[in-house]
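S.K.:
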Amino acid sequence: MEQRTPDRDGRRARTLRRSGQAASHDRSLSTSPWQGQPPHRTAEVTPDVALECGWGRLLFGQTFADHDRLVAEVAKEEVGRRDICMYVREPHVLVSKAPQELFIDPSHTYRLWLHTLRAEKSPARGVVVRKMASEADADAVNRIYTEAGMVTAPTATLWRNQLTQTFTYLVAEDTDTGEVIGTVTGIDHTYAFDDPERGTSLWCLAVDPQTTRPGVGRALVRTLAERYQGRNRAYLDLSVVHDNVPAITLYEKLGFVRVPVFAVKRKNPINERLFAAEPAEGIGDLNPYARLIADEALRRGITVTVVDAESGLVKLAHGGRTVHTRESLSELTNAVALSRCDDKRLTRRLLVDAGLRVPAGRVASHDGEDLAFLSAHDEVVVKPARGEQGQGITVGVRTEEELINAIALAERFCPEVVLEECVTGDDLRIVVIDHRVVAAAVRLPATVTGTGAHTIAELIAATSRRRAAATGGESTIPLDDATTRTVEDAGYDLEDVLEPGVDLAVRRTANLHTGGTIHDVTESLHPELARAAVRASEVLDIPVVGLDLLVPDVTGTEHVFIEANERPGLANHEPQPTAERFVDLLFPATRALPRGWRPGSTGTDHRTEEVGEQPDT
Numbered sequence: 014m015e016q017r018t019p020d021r022d023g024r025r026a027r028t029l030r031r032s033g034q035a036a037s038h039d040r041s042l043s044t045s046p047w048q049g050q051p052p053h054r055t056a057e058v059t060p061d062v063a064l065e066c067g068w069g070r071l072l073f074g075q076t077f078a079d080h081d082r083l084v085a086e087v088a089k090e091e092v093g094r095r096d097i098c099m100y101v102r103e104p105h106v107l108v109s110k111a112p113q114e115l116f117i118d119p120s121h122t123y124r125l126w127l128h129t130l131r132a133e134k135s136p137a138r139g140v141v142v143r144k145m146a147s148e149a150d151a152d153a154v155n156r157i158y159t160e161a162g163m164v165t166a167p168t169a170t171l172w173r174n175q176l177t178q179t180f181t182y183l184v185a186e187d188t189d190t191g192e193v194i195g196t197v198t199g200i201d202h203t204y205a206f207d208d209p210e211r212g213t214s215l216w217c218l219a220v221d222p223q224t225t226r227p228g229v230g231r232a233l234v235r236t237l238a239e240r241y242q243g244r245n246r247a248y249l250d251l252s253v254v255h256d257n258v259p260a261i262t263l264y265e266k267l268g269f270v271r272v273p274v275f276a277v278k279r280k281n282p283i284n285e286r287l288f289a290a291e292p293a294e295g296i297g298d299l300n301p302y303a304r305l306i307a308d309e310a311l312r313r314g315i316t317v318t319v320v321d322a323e324s325g326l327v328k329l330a331h332g333g334r335t336v337h338t339r340e341s342l343s344e345l346t347n348a349v350a351l352s353r354c355d356d357k358r359l360t361r362r363l364l365v366d367a368g369l370r371v372p373a374g375r376v377a378s379h380d381g382e383d384l385a386f387l388s389a390h391d392e393v394v395v396k397p398a399r400g401e402q403g404q405g406i407t408v409g410v411r412t413e414e415e416l417i418n419a420i421a422l423a424e425r426f427c428p429e430v431v432l433e434e435c436v437t438g439d440d441l442r443i444v445v446i447d448h449r450v451v452a453a454a455v456r457l458p459a460t461v462t463g464t465g466a467h468t469i470a471e472l473i474a475a476t477s478r479r480r481a482a483a484t485g486g487e488s489t490i491p492l493d494d495a496t497t498r499t500v501e502d503a504g505y506d507l508e509d510v511l512e513p514g515v516d517l518a519v520r521r522t523a524n525l526h527t528g529g530t531i532h533d534v535t536e537s538l539h540p541e542l543a544r545a546a547v548r549a550s551e552v553l554d555i556p557v558v559g560l561d562l563l564v565p566d567v568t569g570t571e572h573v574f575i576e577a578n579e580r581p582g583l584a585n586h587e588p589q590p591t592a593e594r595f596v597d598l599l600f601p602a603t604r605a606l607p608r609g610w611r612p613g614s615t616g617t618d619h620r621t622e623e624v625g626e627q628p629d630t
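Letter by letter, the sequence shown follows residues 14 to 630 in our numbering.
1) Assign residue 609 to one of three DSSP states: helix, strand, or coil.
2) Pick from 291, 524, 520 and 225: whose alpha carbon is nearest that of residue 495?
3) Taking the beta carbon of residue 167 as the centre, do at least 16 other beta carbons fall within 10 Å, making it buried, or is it exposed?
4) Determine whether the beta carbon atoms of residue 480 and residue 369 lie at a separation below 8 Å.
5) So, are the CB atoms of residue 578 and residue 531 less than 8 Å apart?
6) For residue 357, report the span of its alpha helix (DSSP H) as first-last.
7) Determine which residues share a DSSP beta bridge with residue 335 and list them.
8) From 566, 291, 394 and 165, pick the residue whose C-alpha is nearest to that of residue 416; which is it?
9) Hey, is the region 112-119 in contact with the region 198-205, meaning 3+ C-beta pairs nearer than 8 Å?
10) Roughly how many whole angstroms lie between the Cα atoms of residue 162 and residue 222?
11) Quick one: Cα of residue 277 to Cα of residue 95, how far?
12) Specify the secondary structure class of residue 420 as computed by DSSP and reduced to three states.
13) For residue 178, count the other beta carbons within 10 Å of its own beta carbon; 16 or more makes it buried, fewer makes it exposed. Which is it?
14) Mind checking who residue 318 pairs with in its DSSP beta bridge?
15) Flag this pair as yes or no: are the beta carbons of residue 472 and residue 523 separated by less than 8 Å?
16) Just how far apart, CA to CA, sit residue 246 and residue 283?
17) Spatial neighbours of residue 427 within its chain, please: C-beta separation below 8 Å, excluding the five flanking residues on both sides.
18) Return the CA-CA distance between residue 90 and residue 354, expressed in angstroms with no decimal places.
19) To the nearest angstrom, report how far apart residue 590 and residue 597 are at their CA atoms.
20) For the beta strand (DSSP E) containing residue 248, list its first residue and its last residue.
21) Quick one, which of 135, 92 and 433 has its alpha-carbon nearest residue 634's?
22) Which residue spans inside the region 262-305 form an unbroken beta strand (DSSP E) run of at least 3?
23) Any idea which residues DSSP pairs residue 449 with across the strands?
24) What separation, rounded to the nearest whole angstrom, lies between the Cα atoms of residue 375 and residue 93?
25) Can you tell me whether DSSP reads residue 43 as helix, strand or coil?
26) Enumerate, from N- to C-terminal direction, the unbroken alpha helix (DSSP H) stretches of 4 or more residues contained entirely within the region 566-592.
27) Measuring only between beta-carbons, confirm whether residue 583 sits less than 8 Å from chain B.
28) Secondary structure at residue 199, three-state DSSP: helix, strand or coil?
29) Please report how far the alpha carbon of residue 411 lies from the alpha carbon of residue 498, in whole angstroms.
30) Taking the alpha-carbon of residue 193 as reference, which of 238, 122, 141 and 239 has the nearest alpha-carbon?
31) Ignore the nearest five residues each way along the sequence and tell me which others in residue 488's own chain have a CB closer than 8 Å to its CB.
32) Which complete beta strand (DSSP E) runs does the region 430-518 hold, if anything under 3 residues is left out?
33) Kindly indicate which three-state DSSP category residue 139 falls into: helix, strand or coil?
34) Which first and last residues belong to the alpha helix (DSSP H) in which residue 531 is found?
35) Can you find at least 3 beta carbon pairs, one from the region 456-470 and one from the region 566-580, that sit closer than 8 Å?
36) When the Cα of residue 435 is compared with those of 445, 101, 391 and 423, which residue comes out closest?
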C-alpha cells in the first residue's frame, strides 16, 4: 500500500480546494446525500426550509432533522401545485415512509462549479438578459410558462419573491421588439438557509416557443451563473429529467457535471408521467368504463394487462397480488353476490326481508293474477327478471293489450318477467363501494328541445348523434315503439314540429344507453338515502354496486329501490372519485394518504425538460 507523507496529503487537499472538488469529499457538507448529517451542521442552517415559489414549494431536504418531519411537510402540498423536495439524503428511506404518496424523481442533478466559469466568447445576438423589473414582466413570465406547458404562479408571488435576495428572476428580452422571450429563476441557498456550502440552484428555465432568436436558454443560464459567481457562490445546481438529451447536451457544453443529489416528489396528476407505468398495450381500445380504472391503476404503479379490450377485461397486479376486472366488476364480487343482483326477483325478496322499501310487484304468471295486479295499479312496469341497459323494459303499461305485448317483449331477454307498480319520481343511482357511498346522480330520460323548424323525429336523430359523439357511441336514442309511444302519450306525433324552446322527454326510462343524461347530486343526497343504500349493499353482500331508486326529491327521505347493478359504470359519475375508491378496494396498500396526513397519525419543478429548450448547434 502506498504511504503518504503529511506534505503530500497537504498538497492534495490544497489541489482539491483550488479545483473546487473538495466539497464532494467533505463529509460535513449539507448536499452530500450519501452520508449522514452531522449535528453541528444541522444547527448551522435554518431548519425546515420550504420556499414558496408560486407554482409550488421548494423544500430543502438537508434542512430537515429527520425523515418524519420532511414527510409531514411534503404532505402539505396543495391541489394543483407541484412541490419539490431537493437534496434528499437517503431518498429511498424517505419514500419508504409513505410509498403510496412519494416517489424518487427520475431526474439527474447537474452542477456547475462557478470558479470554472469563463467569459462568454460569443453572446447571443439580439437578446439582452436582465432582472425582472415590473409586474408586467411577471405577467410575461407566466405567459411563457403557459406556452411551455408549465404550471403558472401568481404574479404577486413572483414580484414579492423578486424583491428578496433569496430569489433571482431573469428575463430575456428581444432587442428588436422589446418582448420578453425567456425566463429563468435562481435561488441563493445562503440567503435561503445559511448554506455553509454557498450553493445556488436554477429553476424554471423557459423560452418562448415562438421566438426565432437562437441561444436564449444558454444566455439565461450563463447570466444567472455569472451573477452568482459575482456573489462568490460555489456552485449552481439544476435538475433535468434523465432522458432529456437536448437539455443535458446544452448543460454539459456549459460545463455542468452530474452529482449524486436526489429529489423526491408527491404523486399527483402533474407528476404522473414521472412515476406512472407506460400505458399497457391495448389500453387505448378499452371502453371509457374500463379505461378509467386502468388509468387510475397506472397512476399508482399497478401493472395493467389488457386481456380482452372489447369486453373490458383487464388484469391488475401489484406487490404479488393479482386481480382480474371487467370494468367495475372484479373477482371480489363472488358468483353468489352477482346472482343476488342479476336476478331482480331475488333482489326484491332480499331487500323486502331486510325491511327496505321496494315497489309492489310480482312475477308474471300469464293468467288472471297479472290482470288483477294491473287493475290494482294505474300503471305498471314490465321488465325481464334478468338483464341490463334497460333492455326489454316497458314503462307505463295501462291496458290488457299493452300488458300482453310488454310481457312478450321482456320474454325475448329472459323467460321470467317481473311486474311492478309504476312509481313516479327521479331516477336516482347511488354507487356504493366497500359499503360506503361514493357517488349519487339523478338520471334523466332522453329529451329533445323544439326549434320551431324541425320535426320531433329529426330532433331525436340529431340529439342521438350528439349523445353518441359525446359518449363514444355508448348512448343513443332508439326510434322504436317505446319512443313512439312516449311521444304519443305526451300528445305529439313524430312528424310534428315542436315549438321553439319546448322540452319533450322521448323515453320513459332514464337509461344512459337509450339517450339518458346523468347529473351529480352527491353533495345534496339526504343521509337517510345514503344509509339505505349502504344497508342494501350489506344485504346483497356485494363490494361494488350501483343501486337504482325512485325518489320524489334527493334531499328528502322518501324512496323505493328498483334494482341493483353489479357492474355500475364508474365513468358516469365524474368528478366523484369512483375509480379511486374502486382501486382502493382492490389494492388497499396503494391507497392515497388523506390530505394533511402526518407521520404517526391515522391519517413543481419547472425544469428544462418541460420547456423543450434546444442546445445551440
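Yeah, the Cβ is synthetic: ideal placement off N, Cα and C, and Gly gets one too.
M.R.: This is what the structure gives:
1) For residue 609, the pLDDT reaches just 45, beneath the cut-off of 50, and the residue's location in the model is therefore unreliable, although a value from the coordinates is still provided. Correct three-state label for residue 609: coil.
2) Answer by Cα proximity: 520.
3) exposed
4) Contact: no.
5) no
6) Residue 357: member of the alpha helix (DSSP H) spanning 357-366, first to last residue.
7) 330
8) Out of 566, 291, 394 and 165, 394 has the C-alpha closest to the C-alpha of residue 416.
9) no
10) 10 Å
11) 11 Å
12) helix
13) exposed
14) 328
15) no
16) The C-alpha of residue 246 lies about 33 Å from the C-alpha of residue 283.
17) Scanning its chain for C-beta atoms nearer than 8 Å, with the 5 sequence neighbours on each side dropped, one finds around residue 427 the residues 397, 398, 399, 400 and 405, in chain order.
18) 42 Å
19) 11 Å
20) Per DSSP, the continuous beta strand (DSSP E) segment holding residue 248 begins and ends at 248-254.
21) Since the displayed the chain opens at 14 and closes at 630, residue 634 lies outside it and no answer follows.
22) 270-272 and 276-279
23) 446
24) 53 Å
25) Since pLDDT at residue 43 reaches only 47, below the 50 mark, its modelled position is unreliable, and the value read off the structure follows with that caveat. Looking at residue 43 - three-state DSSP - the assignment turns out to be coil, as it is neither helix nor strand.
26) Restricted to the region 566-592, not a single alpha helix (DSSP H) segment is unbroken, complete and at least 4 residues in length.
27) Here there is only one protein chain, and chain B is not present.
28) In the structure shown, the three-state DSSP call for residue 199 is strand.
29) 12 Å
30) Relative to the Cα of residue 193, the nearest Cα in the group 238, 122, 141 and 239 belongs to 141.
31) 480, 481, 525, 526, 527, 528 and 529
32) 430-434, 439-446, 449-457, 460-462 and 516-518
33) coil
34) No alpha helix (DSSP H) holds residue 531; the beta strand (DSSP E) holding it covers 530-533.
35) no
36) 391
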